[in-house]
Amino acid sequence: MIKKYKHSIVLDHLDLTIKEGSIFGLLGPNGAGKTTLVSILNYLVPKDFGEVKILGYDSDKNEKEIKSCSSLVPQSYAFYPTLSAYENLEFFGALYGLTGKVLHTKIDYCLEMTSLETYRDTKTETFSGGLKRRLNIAIGLLNSPKILYLDEPTVGIDPQSRSYILNVIKNINQTEGTTIVYTSHYMEEIEYLCDDIAILDQGKIVFHETKETINAHSNIAKIYLSDTSMQEVNLQSNYDALVDTFYNIKQKSLHVKEIELPKNNLENIFLSITKKELRD
Amino acid sequence: MFYYILKKEFLLILRNLHALIVLFVMPTVFIIIMSLALQNTYANKYDVKLSVLLSSEKTSPALESFVQTLNTNTFFEFTLAQIAPVVDEALYHQKYDFVLTLSNDFTEKLGKSSDVSMALFSRSDISYQQVAFLKQFLSAKLSENVIKNLLEVQGKAQNALNFDEIISHTYVLKDKNTTTVTSVQHSVPSWLIFSMFFILIPISNTFINEKNFGTIDKIRSINVSLSKIIMGKFIPYFVMNQLQVFCMILVGMYLIPLLNGDALVIHGSIFLLMLISCVVSIAAISFALFIATLSNSSEMATILGGTSNIILAALGGIMVPKVVMPKFMQDVSEVSPMSWALDCFLDIIVKGGNFGDIEFNVMKLLLFSLLFFTLACLMLNYRRN
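In structure tokens, the structure reads:
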């Protein structure tokens, strides 16, 4: 996919596959193109070139089908502050085509999923940041989406609310089988939540691995020996294996010059790929 | 679906206190103030007379009788003083509007000869028309006095002198009913139109909030047609405009008379009144949508929309009736849609006109609506991409 704004290329031959039913985390510095990508996938911005297939549907031909099975939770509080939580859910539910008993049952379910039952009749302008984020998610769940796009859904809230929201998202994925596309700046959130992680930088996917692969690499320590050789050791292995490694080194009359501990946690990967220069 | 779209928009309007004040309280207050303030002007009644200090060194029963005759009018109040006043003092400290000094021989020649002289002084804020009117009034009364004396000498009846009573005046309306134009008939449509155009305040606030909060993006990501979204906005504001019309007409008909003002009387067809209120509403909402799409913030919309509304109102004869404008300003006022709307309302309410009388202005208002609605859509599309 290619997307240009005037003379700058925002998405540059982007090629990406997201596994159905997964929680996909999209990381990237400011201006990398994360929100543009999410906007294109939700028909808010047209792409310039390329092909997008969502659940087998071609985005150019099946807008209606794709919209009906996906939902966007934008970064901003996309609801009306002078309406109550229930009135907001009623309005958006109606836009999704829900009516009568089905609408009200669905609203109750969304309020329960996000623990907003006690705030249902409260005007949302009085909500805290965490409650507002939860209502944003509740609105996103109204159409029982197969794909839920969450664009930085934990910005500006306290750690307790963040933890609660992450658990809600995990719960949605596990109970409903919803594919989650999650963009964030917070590495620890992505590490905790996502099982498929990509880094977008300057409009390109520069890293895309499963969490299992990243974890596997992040447990290997390097031992530099006095004869200039190097041995790798898996820190996840059992105690006896580690003792054996050092015993063998001693048996060869070598000594350890340096041990390099694993740096392959997500933050190190991110910074090593995207470099440390400020982006805005 | 549409029920909840309308419900949402109505709740947003009804919970916006500032908007309700602008839409309902502001025009009510304006209608009350302007109807009562201009009541006498429209009815040609004068509660406050211009004061004239009439100074004469000599006095006589004939002069006193003449002053009594002068005081039978509706416009001036004459006070006779036998000393020569200091003119500045009389005008600026004793608050007389005019000082009239009579020649020494005035008393002797009164009623016998027109060969008398008098000097008239007035404050600088007295208009030329008022001076001219007083001069004409005095000359008429002097002539009348001479003729009266002549008739007395000849022994003829004096009722022949009531020239004022032999000339009657009646406003003629298109529906042939005879009635006078009242201030309330001008104030109600004027301030009603003004407040209808102020629908742009709640429209632009809602629209800009939706844009800034990302709500509009959320809505666009859902399978809902643009026409439903637009109609979901258009209908509630249209209903609010019609409520304004209904309420302001009630204010004119029932509230103003309670405050000793004239009651609003509608001479034309109610159907045509409803038609023109619908057309004005469509024009006001289209203009408001254009301002809302053009603005980046509520402040910008309020300044841009509020200022343009006030200019259109000033030009369109809302604040100053077009009849008192000079010819070139009356021509300029033709560019304001509020002027077209006001002409339509006045044609129906005051003149009892028919569709043919408002047809041209209705067309202009519909073209205005089409233009600004198209511009709003283009601007929305431009901003989206």
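First to last, the sequence lines map onto chains A and B.
1 is the number of the first residue of the first sequence in the working numbering; add one for each residue after it.
1001 is the number of the first residue of the second sequence in the working numbering; add one for each residue after it.
Built from N, CA and C at the ideal position, the CB exists for glycine as well.
Fair warning: this is a prediction, and the values are worked out from it, not measured in the lab.
Item                                                                                                                                                                                              : Value
Closest Cβ-Cβ distance between Thr274(A) and chain B: below 9 Å?                                                                                                                                  : no
List the endpoints of the continuous alpha helix (DSSP H) containing Phe1213(B).                                                                                                                  : Leu1200 to Phe1213
Under a CB-based cut-off of 9 Å, is Tyr1386(B) close to chain A?                                                                                                                                  : With chain B covering only 1001 through 1385, there is no way to say anything about residue 1386(B).
Starting from the beta carbon of Phe91(A), find every residue of chain B whose beta carbon is closer than 8 Å, and list them in chain order.                                                      : Tyr1004, Ile1005, Lys1007 and Lys1008
When burial is assigned at 16 or more other CB atoms within 10 Å of the CB, is Ala1140(B) buried or exposed?                                                                                      : exposed
With a 10 Å radius around its C-beta and 16 neighbouring C-beta atoms as the bar for buried, classify Leu11(A) as buried or exposed.                                                              : buried
Indicate whether Ile1208(B) and Ala1292(B) have their beta-carbon atoms separated by less than 9 Å.                                                                                               : yes
Which of the residues in the stretch 39-50 of chain A, read from start to end, lie with their CB under 9 Å from any CB of chain B?                                                                : Ser39, Asn42, Tyr43, Leu44, Val45 and Pro46
What does the Cβ neighbour count give for Gly1352(B), buried or exposed, with the cut at 16 atoms within 10 Å?                                                                                    : buried
Determine the chain A residues that contact Ile1219(B) at a beta-carbon separation under 9 Å, and present them in chain order.                                                                    : Ala78, Phe92 and Leu95
Can you say whether Asn1177(B) is buried or exposed, counting buried as having 16 or more other CB atoms within 10 angstroms of its CB?                                                           : Here the model assigns Asn1177(B) a pLDDT of 49, short of 50, so the residue's position is not dependable and the matter cannot be decided.
May I ask you to report which of helix, strand or coil DSSP gives Val1099(B)?                                                                                                                     : strand
Work out the CA separation of Phe1198(B) and Glu1077(B) for me, nearest whole Å.                                                                                                                  : 45 Å
Would you list the residues sitting across from Ile147(A) in a DSSP beta bridge?                                                                                                                  : Ser70(A) and Thr179(A)
With 7 Å as the C-beta to C-beta threshold (strictly closer), list the residues of the stretch 1205-1237 of chain B near chain A in chain order.                                                  : Phe1213, Gly1214, Thr1215, Asp1217, Lys1218, Ile1219, Arg1220, Ser1221, Ile1222, Asn1223 and Val1224
Name the chain D residues that come within less than 7 Å of Arg1015(B), Cβ to Cβ?                                                                                                                 : Note that chain D does not occur in the displayed structure, where the protein chains are A and B.
What are the boundary residues of the beta strand (DSSP E) that includes Gln231(A)?                                                                                                               : Met230 to Asn234
How long is the line joining the alpha carbons of Ser68(A) and Met1240(B), rounded to whole angstroms?                                                                                            : 33 Å
Taking only beta carbons into account, state which residues of the stretch 1016-1032 of chain B come closer than 8 Å to chain A, listed in chain order.                                           : Asn1016
So the beta strand (DSSP E) Glu1077(B) belongs to, where does it begin and stop?                                                                                                                  : Phe1076 to Ala1081
What distance in whole Å lies between the Cβ atoms of Phe1213(B) and Ser76(A), which are believed to be in contact at a cut-off of 8 Å?                                                           : 5 Å
Let me know the beta strand (DSSP E) ranges lying completely inside the stretch 181-208 of chain A, each 3 residues or longer, listed in chain order.                                             : 196-201
Quick one: give me the first and last residue of the alpha helix (DSSP H) that Lys19(A) is part of.                                                                                               : From DSSP, Lys19(A) is part of no alpha helix (DSSP H); its letter is neither H nor E.
Contact criterion: CB-CB distance below 9 Å. Does Pro29(A) meet it with respect to chain B?                                                                                                       : no
With a 10 Å radius around its C-beta and 16 neighbouring C-beta atoms as the bar for buried, classify Tyr1092(B) as buried or exposed.                                                            : exposed
Which two residues bound the contiguous alpha helix (DSSP H) that contains Tyr224(A)?                                                                                                             : No alpha helix (DSSP H) holds Tyr224(A); the beta strand (DSSP E) holding it covers Ile220 to Leu225.
Across the stretch 1218-1227 of chain B and the stretch 1279-1294 of chain B, are there enough close Cβ pairs to call them in contact, namely three or more that are closer than 8 Å?             : no
Name the chain B residues whose beta carbon is nearer than 7 Å to that of Leu72(A)?                                                                                                               : Lys1218 and Ser1221
For my contact list, Val1099(B) and Phe1106(B) are in at a C-beta cut-off of 8 Å; report their separation, rounded to the angstrom.                                                               : Incorrect: roughly 15 Å between the Cβ atoms, too far for contact.
Would you mind giving the Cβ-Cβ distance between Tyr80(A) and Lys1228(B), rounded to the nearest angstrom? I have them listed as a contact below 8 Å.                                             : That belief does not hold up - the Cβ atoms of Tyr80(A) and Lys1228(B) are roughly 17 Å apart, past 8 Å.
For a quick check, are the C-beta atoms of Lys3(A) and Asp48(A) less than 9 Å apart?                                                                                                              : yes
In chain B, which residues lie with their C-beta within 8 Å of the C-beta of Ser68(A)?                                                                                                            : Asn1223
Please specify which runs of the alpha helix (DSSP H), each continuous and at least 4 residues long, are wholly inside the stretch 1008-1070 of chain B, giving them in chain order.              : 1017-1020, 1026-1037, 1039-1043 and 1061-1070
Does DSSP put Phe1329(B) in a helix, in a strand, or in coil?                                                                                                                                     : A small fix is needed here, since residue 1329(B) is Met in this sequence, not Phe. Of the three classes helix, strand and coil, the one that applies to Met1329(B) here is helix, per DSSP.
So, for Thr210(A): in the same chain, excluding its five sequence neighbours on each side, which residues have a beta-carbon less than 7 Å away from its beta-carbon?                             : Asp195 and Asp196
Starting from the C-beta of Val206(A), find all residues in its chain whose C-beta is less than 8 Å away, skip the five residues before and the five after it, and write them out in chain order. : Ile199, Leu200, Ile273 and Thr274
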